[in-house]
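Protein chains in written order, with my numbering: chain A, 1 to 478; chain B, 1001 to 1478. What follows is a single structure, written as structure tokens, with notes after it.
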């Protein structure tokens, strides 16, 4: 405000912190603009305010975050191949990848256990889910997070050697990421179902769908996933729980090659039916595209940018650019939302899956303003979708110019979660997600909204504080 | 406001009409809610205010409009066939349909002349566009509006016997409507281009695309266009200048049948390429679906609902339910918007095409809130898209529960334009549209925003006033 306006305009009070002051002023008819300040989050242990001050004072922080986000935004993800997971990820018989941070059988959630049992039967390691369960309980399998192999998996995220995976590569650097093929909704492995129809579908996907997609993708050449994602945001998708237009654009792009690779017409028709009948098929391409973007931001010393958010159904974990491959975990919360059929809140497992890699890159819950129709799937209303995206700008470092949100006049999606902004503002990343049944074998029970537990972020800030250089003038510790 | 609130709350002045009062109050810091009232439109002839009062007093009006809209909303449009226009519409050699109200060669606009010249060459009636022009100038062809045969055509809307048309039927009543197949953008017949590549494309569409689509549609069985339109509004399309998701959903729906009707794989691949490469392909299905809906509302005595809005590039015409097949016309306005390449406003022809049948049914400009990305094609910003849809509720009779707009919390699209509301409010229907080059042969020059001329609506009100029963107590005229 210029001096002249200060003299001529009515004064307005800007209030921050406790509401007592602004309420007293408002009661006296004094205009008050409340900034909505909240004190920083209280950490589960240690002195979060001091940690935060230490990290905020780290002279490397601004440049490190700019570099992390620059790398993330420079990624050009392209679908380049479809391959068996064993070959693509170096997975051996008896090894299984899973979603989220590391977890063993003892602490594994119901849907993760169910998916492992189904995968063991699919791999021929057991003749029945019961036999598989006994085998898994006595430790007869190697479990490892997808993220540790450059991969991501939705919900339980179980990947076994005979499953096929999409291979996505960065056109700039050649780096790669992988994700399984989407099975559809309902009673499917990733939601913890393991019945005969689940295993049968996985067999068809490995024997027919995977090889056919491989031939079509190789004939097509690299398929620009960034361009598809950009279009999706203009077509009511947010890339996590709405992938309708993305799936249709994938089908359109691969169609000429599917028609001409010489596969039996019945296989092509079955594949087109399967893909066209599953509005979530593109999720498993949005995820490895986001994984490739997020991975580019890893390992920048001093950066407070989140490079992974993932859940195994028991724990929620995040990884931060300046903290290497360390996971900051806390018990996963349970989503609230809309339920299928007669299922209710008591049937829902806590939050599960690597699909939060989409939110890590400005998609999913962060881009809900572009996909207001999603509220019929996850709950809320159109205003909630708009408010959610707007509030995510408060905790992110950049607006992605490639992911434009038309309803916000083509503002770029809020991208690059900053743990210091989360802890300072108390605003947690908004995730929209499917909900798996708590009991192994159930499948999907609904979809809803959830956030990470705050402790992941305060723990990350504490770790960053330990690495931050001593503030100048203060004596060095130890 | 209850009596108690009247005593305790601060008074607020509601002002209507001339701004003088509200401005004076505002200058004295008195809160004023301005209702935005404007006096009714001045008619080109006659006493519009008296006509309006007479029509508003027509005791049949409310029930007649309810019936007209009830019929419109009850239509279930389904694609049932693809046929040659000659056969489907009873068109003979030397006959041409065109968009908009009736017009002869002398008053025909450049793009309509260009399209007629191209169609004459395509039909083998002339060997060159120049020869065709001479033939048409001397009256050697029958011209008739598409609307007079239950059909609609985008832009110039020229249909000749050898072109193929979509046939759409109402599942409730069996009534039918027709529309040509979409040629794509740029130098195409409907934008007035007539070069060899235009005629060549029309030949391929009649020899390959039409028969292939016929076979696929017949194998598929009736395809529910209402369901596709409902989905489109959740996927960033408004059904007039954005039909991206609609086109993809059509392709997905017909794909299994395209693959299995026994056509050569190269034809199927070419058709899939042509449809998949033209984001406007579904427009030519949105239009006959809307035509079928609007036609259902025709002929209700006393109804003030608009049942057609159409332009031939010279005149804009509307038809009203209570006025039979009479056209109310006035000179078409020229759209303002965004231009392709080096084209500018001086290259644009006045408003042209039957595609305003979409706005007549709550789609297009009326549903722009569902398609904010369209502003990059026609101009404006996201706020304009939202305001446009909101203001269209002011001039419509109903909200279509089948066409839900997610960003407005699934409010039904504003449907059933009421000429009395248009004249009372001074709010004209908002149309978004492609722009054809003024000079025959040019093709598309841009896309933009336009309204009908106000005179169409005042003339309709005058005609309705003549038909309205004498107000009780007044002496009968004549």
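Idealized CB from N, CA, C, for every residue including glycine.
Can you say whether residue i is buried or exposed, counting buried as having 16 or more other CB atoms within 10 angstroms of its CB?
i	result
residue 109/A	buried
residue 1315/B	buried
residue 133/A	buried
residue 385/A	buried
residue 440/A	buried
residue 1244/B	buried
residue 1200/B	exposed
residue 478/A	Confidence at residue 478/A is low in this model, with a pLDDT of 39, below 50, so its placement is unreliable and the value that follows should be read with caution. Residue 478/A should be labelled exposed.
residue 142/A	exposed
residue 264/A	exposed
residue 202/A	buried
residue 1139/B	exposed
residue 1136/B	buried
residue 1466/B	exposed
residue 298/A	buried
residue 325/A	exposed
residue 98/A	buried
Answer yes or no: do residue i and residue j have a C-beta to C-beta separation smaller than 8 Å?
i	j	result
residue 453/A	residue 330/A	yes
residue 1247/B	residue 1274/B	no
residue 285/A	residue 355/A	no
residue 468/A	residue 54/A	yes
residue 293/A	residue 75/A	yes
residue 1397/B	residue 1065/B	yes
residue 337/A	residue 187/A	no
residue 319/A	residue 332/A	no
residue 322/A	residue 288/A	no
residue 57/A	residue 471/A	yes
Could you tell me which chain B residues have their CB closer than 8 Å to the CB of residue i, listed as they occur along the chain?
i	result
residue 268/A	1259
residue 245/A	1235, 1236, 1244, 1245, 1248
Put residue i into one of helix, strand or coil per three-state DSSP.
i	result
residue 127/A	coil
residue 179/A	strand
residue 98/A	strand
residue 388/A	helix
residue 1477/B	Legend: pLDDT at residue 1477/B = 46, less than 50; position of this residue unreliable, value from coordinates given subsequently. Reduced to three states, the DSSP call for residue 1477/B is coil.
residue 371/A	coil
residue 1076/B	coil
residue 1234/B	coil
residue 274/A	helix
residue 1001/B	Reliability fails at residue 1001/B, whose pLDDT of 40 lies under 50, so the model's placement of it is uncertain and no value is given.
residue 222/A	coil
residue 1103/B	coil
residue 411/A	strand
residue 398/A	strand
residue 1327/B	coil
residue 170/A	strand
residue 1145/B	strand
residue 1133/B	helix
residue 1028/B	coil
residue 1348/B	strand
residue 315/A	strand
residue 982/B	Residue 982/B falls outside the range modelled here, since chain B spans only 1001 to 1478, and no answer is possible.
Please list, in chain order, the chain A residues whose beta carbon lies closer than 7 Å to that of residue i.
i	result
residue 1234/B	236, 373
Check the Cβ of residue i against every Cβ in chain A and list those closer than 9 Å, keeping chain order.
i	result
residue 1406/B	236, 371, 372, 373, 374, 375, 376, 382, 385
residue 1409/B	372, 375, 381, 382, 383
Could you work out which residues of chain B lie near residue i, taking near to mean beta carbons separated by less than 9 Å?
i	result
residue 265/A	1259, 1260, 1265
For residue i, which residues in chain A fall below 8 Å Cβ to Cβ?
i	result
residue 1256/B	269, 272, 273
residue 1279/B	Residues of chain A passing the Cβ test: none, with the nearest at roughly 10 Å.
Report the neighbours of residue i on chain B: residues whose CB is nearer than 7 Å to its CB, in chain order.
i	result
residue 252/A	1248, 1251, 1276
The segment 1257 to 1272 of chain B in contact with the segment 1372 to 1391 of chain B per 3-pair CB rule at 8 Å: no
Segment contact, 8 Å Cβ cut-off, at least three pairs: the segment 160 to 177 of chain A with the segment 75 to 89 of chain A: yes
Sufficient close CB pairs (3 or more, under 8 Å) joining the segment 368 to 381 of chain A to the segment 226 to 238 of chain A: yes
Inter-stretch contact (C-beta, 8 Å, three-pair minimum) for the segment 1143 to 1154 of chain B and the segment 1171 to 1187 of chain B: yes
Cβ pair count under 8 Å reaching 3, the segment 1121 to 1141 of chain B against the segment 1165 to 1176 of chain B: no
Validate contact between the segment 1205 to 1215 of chain B and the segment 1098 to 1108 of chain B using beta carbons, cut 8 Å, 3 pairs: no
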